[in-house]
Amino acid sequence: MRYLTTRKRAEGLGSARSGTLHHIAMTTSGWALVAIVPLMVLVLARTIGGDFDTVRATFANPFVAILTALFLIVGMRHFAKGAQTAIEDYAHGATRAVLMMAVNAISTLTIAAGLYALIKLAL
Amino acid sequence: MADTKRADRPLSPFMIGPYYRPQMTSMSSILIRITGLGLVAGIVLTVAWIFAAAVSEDWFDCVNWIVTSWLGKLIYIGSAWAIWFHLLGGLRHFIYDSGRGMDIPTAEKLGWAMIVGSAVLTVITIVVASV
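For the protein sequence lines, the chains are A and B, in the order given.
In this text, residue positions in the first sequence follow the numbering used here: the first is 1, and each later residue adds one.
In this text, residue positions in the second sequence follow the numbering used here: the first is 124, and each later residue adds one.
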């Protein structure tokens with residue numbers, strides 16, 4: 001038995017039990033992506049369709065490499081947190097847990113594979 | 124400990140269906156979620172493409188074949204629209220969060236701005252990609 005009042009259990013947490021942390025994380029990463037996304041779209045629009053050597057040279061460029069790394073890290077974490085809200089809206093219990101793990105796996109794997117490729121191309 | 128009992132309260136009906144009239148505000152909001160989730164397809168394909176370029180020319184040829192196919196073009200044009208729509212939707216969130224634009228005429232104009240804006244930005248992206 002825990003001697004907690006109703007107020008103490010609810011204070012600063014809300015129904016999601018994590019307060020405003022999720023909202024703040026989505027807002028701050030959202031602002032970062034406002035700067036990152038247009039540049040990434042520009043690079044991809046100019047690079048997709050290029051041949052093997054052009055693509056390798058483009059992503060070996062330090063500015064493009066860092067931009068792509070930022071896009072993947074900030075973007076995929078933003079995706080995972082956004083997908084979390086969608087999952088919490090429609091899935092419950094074990095389904096929710098499995099979907100959350102799948103989303104985190106996809107986003108982390110995408111970041112890891114992308115960073116590996118960028119480092120390999122840069123070196 | 125204060126125990127909260129789960130009351131058997133009625134639930135509000137699902138947003139899509141016969142209960143609510145489709146409106147610019149709700150539809151543009153739903154599209155933000157759909158575009159956000161859908162974007163993972165284009166991003167995973169792009170990472171597979173960069174990964175293949177880093178590994179070997181054989182792998183690159185394989186993934187690049189998908190990227191440059193009609194399906195790849197469809198995914199990338201769709202992703203371009205989705206990412207611009209989602210970005211404009213995020214900007215609308217920032218406007219709403221600041222307490223502005225909540226009245227119905229302004230909210231509906233912001234929805235139209237997202238649709239028209241994302242279409243214009245997608246056309247610009249296609250032009251940039253093809254020149």
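Note that CB positions come from ideal geometry on N, CA and C, so glycine has one too.
Since we're looking at a predicted model, the values are computed, not measured.
Minimum Cβ-Cβ distance from residue i to chain E less than 7 Å
i: Ala176(B); result: In the structure shown, chain E cannot be found, because the protein chains are A and B.
Partners in chain A for residue i, counting only beta-carbon separations shorter than 8 Å
i: Val251(B); result: Leu42, Ala45, Arg46
i: Gly140(B); result: The premise fails here: Gly140(B) is roughly 14 Å from chain A at the closest Cβ pair, so nothing lies under 8 Å.
i: Val170(B); result: Leu72, Thr110, Ala113, Gly114, Ala117
Backbone CA spacing between residue i and residue j [nearest angstrom]
i: Asp49(A); j: Arg223(B); result: The sequence shown places Gly at residue 49(A), not Asp. Gly49(A) and Arg223(B): Cα-Cα distance of roughly 42 Å.
i: Ile73(A); j: Asp131(B); result: 42 Å
i: Glu11(A); j: Glu88(A); result: 21 Å
i: Ser107(A); j: Val178(B); result: 21 Å
i: Met124(B); j: Arg7(A); result: Low local confidence applies: a pLDDT of 48 at Met124(B) is under 50, so the model's placement there is unreliable, with the coordinate-based value given in what follows. So the alpha carbons of these two residues sit roughly 11 Å apart.
i: Thr191(B); j: Leu162(B); result: 18 Å
i: Pro38(A); j: Thr85(A); result: 25 Å
i: Asn104(A); j: Trp207(B); result: 24 Å
i: Trp193(B); j: Ser202(B); result: 14 Å
Within chain B, the residues that residue i reaches when beta carbons sit closer than 7 Å
i: Phe63(A); result: The contacting residues do not exist; Phe63(A) stays about 15 Å from chain B at best.
i: Leu39(A); result: Going along chain B, no residue has its Cβ under 7 Å from Leu39(A), so there is no contact; the nearest lies around 12 Å.
Start-to-end residues for the alpha helix (DSSP H) that takes in residue i
i: Thr108(A); result: 93 to 122
i: Leu233(B); result: 227 to 253
Candidates the options, of which the one nearest residue i by Cα
i: Phe79(A); options: Ile139(B), Thr245(B), Leu160(B); result: Leu160(B)
i: Ser151(B); options: Gly195(B), Leu233(B), Thr245(B); result: Leu233(B)
i: Ile153(B); options: Ile238(B), Ala242(B), Thr245(B); result: Ile238(B)
i: His216(B); options: Ser29(A), Thr5(A), Ser18(A); result: Ser29(A)
i: Phe59(A); options: Ile189(B), Gly201(B), Thr169(B), Pro228(B); result: Thr169(B)
Contacts that residue i makes with chain B (C-beta to C-beta distance below 9 Å)
i: Ile106(A); result: Val163, Val167
i: Leu121(A); result: Ile173, Ala176, Ala177
Contact list for residue i against chain A, beta-carbon separation under 9 Å
i: Asp131(B); result: Simply none; closest approach about 17 Å.
* **the segment 179 to 205 of chain B: positions lying closer than 7 Å to chain A by Cβ** => Glu180, Phe183, Val190, Thr191, Tyr199, Ala203
* Residues within the segment 213 to 237 of chain B neighbouring chain A, beta-carbon criterion of under 8 Å -> Gly213, Leu214, His216, Phe217, Asp220
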